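To start, the structure itself, in structure tokens.
In my numbering, the protein residues as written are 13 to 297.
If you want it as structure tokens, here you go:
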């Protein structure tokens, strides 16, 4: 495993147009955002309880060198909820693959953050021959106590007549990035969570029931982890490095989580460079 630490470069990248749409999949409609008309395909998977809006600022930059597509995980954003009472990671993988197939994409680079990283790993393990590059931020290889923290922090959805649940959501998400410098990110995240409030814990429950350690141990290829220093899951990358010695990690010092939003230029530059300058990883036939 290799590690690097650095500060932001401040490079300016021209922007591409972002388009949105829906895909008809067996488990319901999947909403997506996309940018770019040339270069390799890149599929982006967001954290719980957010949506593809997490990539709203970085998609125009990614689209200058890649064909970048961010989907709303089923049940989040504007995608239909999976047709099961308690979705598992496999349910999210099935819908994600259906969306990729509906877009007519064969091979693609794959990025996932937090819950999106769990989905990305599971998806990769099913179709490794289709994934050219595997990239993550915040790898949820968690202990039971760490999972319990996230459940306690977010809390069960409970409507309050005075709107106290709205304040609780704001404070809960703020605990994951407690700094007034990222208020716009907190506003975005809170609005996305409130939109799916009655089932916003589905993704976290799915991660808690998924054997991330076993899934990560099956990855036999290079993995690129790009993490903000203050991401709650930044330290968990050590566990991935133990399971996969081909892991390359970059920690962005002084930065808050959700780099696609908090530092879109750096995120786009790093991801684009990795996908376009590195040959496709060795994959299973």
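Cβ atoms here follow ideal geometry from the backbone N, Cα and C, with glycine treated the same way.
Treat the numbers as computed from the prediction; the structure is a model and nothing was measured.
Going by the DSSP bridge assignment, what does residue 250 pair with across the sheet?
The residue given as residue 250 occupies position 238 in the chain shown. Note: residue 250 sits in no beta bridge, so no partner.
Using three-state DSSP, classify residue 88 as helix, strand or coil.
For the purposes of this step, residue 88 is identified with residue 76 of the chain shown, where counting begins at 1. Residue 88: coil per DSSP, three-state reduction.
Beta-bridge pairing of residue 36 - partner residues as DSSP gives them:
Within the chain shown, the letter at position 24 stands for residue 36. The partner list for residue 36 (beta bridge, DSSP) reads 41.
Out of 253, 270 and 195, point me to the one whose CA is closest to residue 63's CA.
For the purposes of this step, residue 63 is taken as the residue at position 51 of the chain shown. Of the listed residues, the one whose Cα sits closest to residue 63 is 270.
Does residue 286 come out as helix, strand or coil in the three-state DSSP assignment?
The count along the chain shown starts at 1 and reaches residue 286 at position 274. Of the three classes helix, strand and coil, the one that applies to residue 286 here is helix, per DSSP.
In whole angstroms, give me the CA-to-CA distance for residue 97 and residue 275.
Here residue 97 is taken as the residue at index 85 of the chain shown, counted from 1. Here residue 275 is taken as the residue at index 263 of the chain shown, counted from 1. Each residue's alpha carbon lies about 36 Å from the other.
Given that a residue counts as buried once 16 or more other Cβ atoms are within 10 Å of its Cβ, and exposed if not, what is residue 50?
Translated into positions along the chain shown, residue 50 becomes position 38. Residue 50 comes out exposed.
Taking residue 33 as the reference, give the member of 52, 84 and 67 with the closest Cα.
Residue mapping note: residue 33 aligns to position 21 of the chain shown, counting from 1. Taking only the C-alpha atoms, the option nearest residue 33 is 84.
Do residue 48 and residue 27 have their CB atoms nearer than 8 Å?
Position 36 of the chain shown, counted from the start, is the residue given in the question as residue 48. Position 15 of the chain shown, counted from the start, is the residue given in the question as residue 27. No. Outside cutoff.
What did DSSP end up calling residue 46 once you bin it into helix, strand or coil?
The residue given as residue 46 occupies position 34 in the chain shown. Of the three classes helix, strand and coil, the one that applies to residue 46 here is strand, per DSSP.
Three Cβ pairs or more, each shorter than 8 Å: is that satisfied between the stretch 242-250 and the stretch 33-43?
no
Measuring only the C-alpha atoms, how far is residue 132 from residue 199?
Your numbering for residue 132 matches position 120 in the chain shown. Your numbering for residue 199 matches position 187 in the chain shown. So the two alpha carbons sit approximately 26 Å from each other.
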